[in-house]
Amino acid sequence: MKGNLFVVSGPSGVGKGTLCKMLCEKDEKIFLSVSATTRAPREGEVNGVSYHFLTNEQFDEKVANDEFYEWARVHNNRYGTLKQTVQDKLNEGYDVLLEIDVQGGMNMKKQENDAILIFIAPPSEEVLRERLTGRQTETPEQIELRLKNAFGELEYKDRYDHIVINDDLTTALDELYALIVNERNS
Numbered sequence: 041m042k043g044n045l046f047v048v049s050g051p052s053g054v055g056k057g058t059l060c061k062m063l064c065e066k067d068e069k070i071f072l073s074v075s076a077t078t079r080a081p082r083e084g085e086v087n088g089v090s091y092h093f094l095t096n097e098q099f100d101e102k103v104a105n106d107e108f109y110e111w112a113r114v115h116n117n118r119y120g121t122l123k124q125t126v127q128d129k130l131n132e133g134y135d136v137l138l139e140i141d142v143q144g145g146m147n148m149k150k151q152e153n154d155a156i157l158i159f160i161a162p163p164s165e166e167v168l169r170e171r172l173t174g175r176q177t178e179t180p181e182q183i184e185l186r187l188k189n190a191f192g193e194l195e196y197k198d199r200y201d202h203i204v205i206n207d208d209l210t211t212a213l214d215e216l217y218a219l220i221v222n223e224r225n226s
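Under my numbering, the first residue of the sequence shown carries the number 41, and numbering increases by one thereafter.
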């Protein structure tokens with residue numbers, strides 16, 4: 041039986057990466073697709089696990105060869121979803137999670153009408169600001185850019201099939217998992 045395709049989006053710092061990782065640990069039939077990016081790896085990130093880190097030239101080649109479902113420029117870098125990996129896992133019966141930005145989410149829905157879009161939202165803009173600042177992984181200028189983009193991304197949440205507010209990680213995980221199981225069983 042073919043798996044379901046889930047697009048998980050939300051602003052930077054909302055916890056979507058943590059939630060997706062926890063979902064994969066909770067259920068072996070959930071696969072997190074690894075995006076490609078032109079951004080430099082952060083400390084501790086591993087190529088092929090965190091992202092497929094590509095040069096601009098490599099990314100251009102994949103675009104020219106139509107190897108991406110979607111790709112977008114975000115925070116001055118490019119990110120994309122590789123088609124082959126997603127299709128292989130869906131055909132193997134996995135539910136595939138794409139953790140991508142709202143631009144990518146809207147593009148995926150156009151290409152894969154069956155994709156189920158889930159928006160992870162912060163409980164408030166102030167909490168989001170605290171989370172981004174608390175990570176201490178970006179400069180103040182990068183944080184301000186991410187916040188500006190985050191407020192724009194929040195305007196897309198009503199275009200998604202489901203909204204999960206990540207106020208409490210355990211509650212958000214339970215709600216997200218219930219959505220996936222419900223779709224799997226329908």
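Here a beta-carbon is modelled for each residue, glycine too, at the ideal position from N, C-alpha and C. Since we're looking at a predicted model, the values are computed, not measured.
For E97, the closest of E85, N117, D214 by C-alpha to C-alpha distance is N117. Between the segment 74 to 82 and the segment 181 to 193, the count of Cβ pairs shorter than 8 Å is below three; the stretches do not touch.
Distance check between M62 and each of E170, E215, M41, G88 places E215 closest, using alpha-carbon atoms only. In the DSSP assignment, N117 falls outside any alpha helix (DSSP H) and lies within the beta strand (DSSP E) extending over 117 to 122.
Burial is judged here by how many other beta carbons sit within 10 angstroms of a residue's own beta carbon; S164 has fewer than 16 and is exposed. Between I160 and N225 a beta carbon distance of about 22 Å is seen, past the 8 Å cut, so the two are scored as non-contacting. Per DSSP, reduced to three states, the secondary structure at Y134 is coil, with no helix or strand assignment.
Under the criterion of beta carbons closer than 8 Å, M148 and Y109 qualify as touching, at roughly 6 Å.
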